[in-house]
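Visitor: Start counting at 1 in the sequence shown, then tack on 2, and there's your number in the numbering used here. Got a structure for you, questions after.
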Amino acid sequence: MTEVPEDIEVFLREIGVGVRPWDDPFFTDSYEACEVFQPLGVYHADEEEFCHP
3 MTEVPEDIEV FLREIGVGVR PWDDPFFTDS YEACEVFQPL GVYHADEEEF
53 CHP
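In structure tokens, the structure reads:
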């Protein structure tokens, strides 16, 4: 059995951070398992600049 980290909320936030290709199986597999991660957001291929307040 996989060991569950003490702070599961932090763990879940961290595994969803970073650059992934749009067709990464991580999104499909994790969404089917727990409906948490979806391939949404800004992709490198977008080449758009966003300003955040």
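Positions of the beta carbon are idealized from the N, C-alpha and C atoms, including for glycine.
Under 8 angstroms between the Cβ atoms of R22 and F28?
Guide: The answer is yes: Cβ separation under 8 angstroms.
Visitor: Which of helix, strand or coil does DSSP assign to V21?
Guide: V21: coil per DSSP, three-state reduction.
Visitor: From the DSSP output, in three-state form, read off D26 for me.
Guide: Coil, per DSSP.
Visitor: Helix, strand or coil for E8 per DSSP?
Guide: It is coil, neither helix nor strand.
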